[in-house]
Amino acid sequence: MKTSRYSQIAADKPNSYNLETNVKDYPGYSSITDKISVMYEEDGASEIALEPQNFNVKNQIEYVDFTLNDTTNKYWTYKGLNFVSLKHLLSVCIDTAIAGGVQLQSVRRNFDLKDIWGFTTTDDTENPVIVGRSLSLQAMSYTLSHSFPNIKLVSRKHNGYKIDPYEKGLQVINPPDDILVPLKNILIWIDPLDAEYEYKNNFLEYVTTMVCVAVEGKPIIGVIHQPFENFTKWGWVGKGISNYSYPVASEPSDASRPFAVVIDAAKKTFMKMKVRPVIGRHFHMIAANGAGYKSIQLTEGKADTYLHMHNIKKWKMCAGNALINALNGKMITTTRKIVDYGDPSDVTNSEGIIAALLKENIFFPQNFDVLDDSTNNRHA
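Everything in the sequence shown is counted per the working numbering, starting at 5 for the first residue and increasing by one.
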C-alpha cells in the first residue's frame with residue numbers, strides 16, 4: 005500500500021492536510037439521528053447492519069474518528085437560509101471528499117495490519133469494503149451537513165445511519181465573485197467508495213471518493229479524490245478547474261501517442277470489437293476500473309475518450325461529468341442524451357457513457373448494447 009501525504013488542494017484555503025497531525029481539522033460525526041435530509045438508494049446486496057461500536061478492531065487498532073472543533077470559523081452554517089454560496093460549497097465539497105478518503109485509508113491500513121499480524125476483528129467488521137464505505141459515507145455526510153444542514157444528498161444505501169447536523173450558526177460572508185443559488189435547486193451526489201473490488205484487493209490507485217453539486221439537474225461542481233495517491237481534482241463549470249500535479253503517472257502526456265480510449269478492464273476484448281470499426285485507425289485501449297479514476301485519465305490528458313458499456317449509478321458519473329464540462333468537454337449517453345441529475349429517485353443511467361474533451365473524439369460503437377449492471381457490478 006502506498007503512503008499518502010496530503011497536499012494543499014482546497015480552493016482559497018492555505019490548509020495542508022496531513023493524516024497524522026490534522027485529522028481533527030475535519031468536522032466529525034458524534035451522534036446518529038434522523039434529522040438530515042439524505043436519500044439512499046437501496047441495492048440488492050446483502051449487507052450486515054453495522055453498529056458504530058463494531059467499527060473498532062481488537063488489539064487497540066482503531067479507525068479514525070472525527071471530532072468537531074467548535075473554535076474553528078472555517079465552516080459556516082446555512083441553517084434556515086434559502087440561498088447557498090457555490091464558492092463556499094466547493095470548499096466544503098473538497099473537504100468532504102478528503103474526509104471520506106481519510107476513513108478509507110484508516111480502514112485499509114487496519115485490515116492490512118490484521119492480515120500481517122494475524123489480528124482478528126469483531127464479527128461485523130470482516131469486510132473492508134462494507135466498513136470503509138460506511139465510515140466514508142458517514143464522514144462525508146456529516147462534513148456537508150455541518151455547513152449545509154438542509155441540503156439534499158443522494159448516495160447508496162448507508163446501513164440506515166443518518167447524521168445529526170451541526171446546529172451552531174456562524175455569519176455568512178459572500179465573496180464578490182461568488183454565485184448564490186437557491187437551496188431548493190441543489191442536489192448533492194456522493195460516492196464514498198468507487199472501485200470497491202480494487203479497494204478490497206489493494207489496487208488502491210483506482211480508488212476514489214467523489215462529490216458532485218447538481219443545480220437544476222446540471223452538474224456544476226465536481227470533486228474527485230484519490231486518497232491513496234495524494235491527489236484531488238475539482239472543477240466548477242464556468243469558473244475553472246484545479247491544476248495540481250497528477251502523481252499517478254510519472255511520464256508526461258505525449259501528444260504523439262495513438263488515440264486512446266479508457267474502458268473497463270473486464271471488457272477490453274469486447275470493446276475492441278465494438279470500437280475498432282468506428283475509429284478505423286490504430287488506437288490505444290486503456291483498461292482500468294473505477295469511474296472516478298477513468299474520468300481523471302480523461303481530464304489529465306492520458307486518454308482521449310472515456311467509454312462505458314453498462315449501467316452505472318449517477319453518483320459515479322456526476323463528479324466526472326462536472327469536471328469534463330468545466331474543461332468544455334462533453335459527457336453523454338450512448339443514445340446521445342445529456343444525463344439529468346435533478347431527480348433523487350432516478351439514480352441509475354442505463355444507457356452507458358461516452359465522454360471526451362474534444363467534440364471530434366465523441367463516437368458511438370457499432371451495434372452498441374448496454375450491458376446489464378448485474379453482470380459485472382464492480383467494474384465502473
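Glycine residues also receive a C-beta, built at the ideal position from the N, C-alpha and C atoms.
DSSP, reduced to helix, strand and coil, places Leu90 within a helical segment of the structure shown. For Ser159, the uninterrupted beta strand (DSSP E) run begins and ends at 156-160, by DSSP. Pro348 carries a coil assignment under DSSP once its states are collapsed to helix, strand and coil. Segment contact: the stretch 304-318 against the stretch 348-368, three or more CB-CB distances shorter than 8 Å; contact assigned.
A distance of 8 Å or more separates the beta carbons of Asn353 and Ile328. In the three-state scheme derived from DSSP, where H, G and I count as helix and E and B as strand, Tyr297 is classed as helix. Assigned with DSSP and collapsed to three states, Val241 falls in coil, not helix or strand. Across the set Gln109, Ser159, Ile98, Glu130, the C-alpha of Ile98 shows the shortest separation from the C-alpha of Ser151. Spanning the alpha carbons of Gly346 and Glu200 requires a straight line of approximately 26 Å.
Per DSSP, reduced to three states, the secondary structure at Asn189 is helical. In summary, Thr303 is buried, with 16 or more beta-carbon neighbours lying within 10 Å of its beta-carbon over all protein chains present. Partner residues in a beta bridge of Cys97, as assigned by DSSP, do not exist. For Val217, DSSP records a beta bridge to Ile192, Ile225. A Cβ-Cβ contact shorter than 8 Å links Val217 with Ile224.
As the crow flies, the alpha-carbon of Arg261 is around 25 Å from that of Ser246. Taking Val96 as reference, the option from Tyr146, Leu117, Gly324, Ser140 with the minimal CA-CA separation is Tyr146. Counting only the Cα atoms, Val185 lies some 8 Å from Val219. Rounded to the nearest angstrom, the gap between the Cα atoms of Asp182 and Gly221 is 20 Å.
Relative to Ala295, the option among Leu148, Ile366, Tyr248, Asp195 whose CA is nearest is Asp195.
In this structure Met277 is not in contact with Met289, their Cβ atoms being roughly 11 Å apart against a cut-off of 8 Å.
Taking 8 Å as the cut-off, the beta carbon of Lys237 is found closer than this to the beta carbon of Ile300.
In the DSSP secondary-structure assignment, Gln230 is bridged to Phe235.
As the crow flies, the alpha-carbon of Ser89 is around 21 Å from that of Gly324.
A direct Cα-to-Cα measurement between Val343 and Phe115 gives close to 37 Å. A buried status is given to Thr213, since no fewer than 16 other beta-carbon atoms sit within 10 Å of its beta-carbon. The beta carbon of Leu187 sits closer than 6 Å to those of Asn86, Val88, all from its chain and outside the five residues before and after it, given in chain order. Where Ile342 is concerned, there is no enclosing beta strand (DSSP E), because DSSP gives it neither an H nor an E.
Secondary-structure assignment with DSSP links Thr309 through a beta bridge to Val265, Ala360. Met335 is bridged by DSSP to Ala359. Taking 8 Å as the cut-off, the Cβ atoms of Trp240 and Leu362 do not count as close.
Only residues of its own chain outside the window of five on either side were considered, and among them Ala269, Lys272 have a CB closer than 6 Å to the CB of Ala291, listed in chain order.
In the DSSP annotation of this structure, the continuous segment of the alpha helix (DSSP H) that includes Met144 starts and ends at 132-151. For the pair Phe367 and Lys306, the Cα-to-Cα distance works out to about 18 Å.
Around the beta carbon of Arg340, fewer than 16 other beta carbons lie within 10 angstroms, which makes this residue exposed. Of all alpha-carbon atoms in Pro348, Val111, Asn365, the one lying nearest the alpha-carbon of Lys334 is that of Asn365. Under DSSP, Asp116 shares a beta bridge with no residue.
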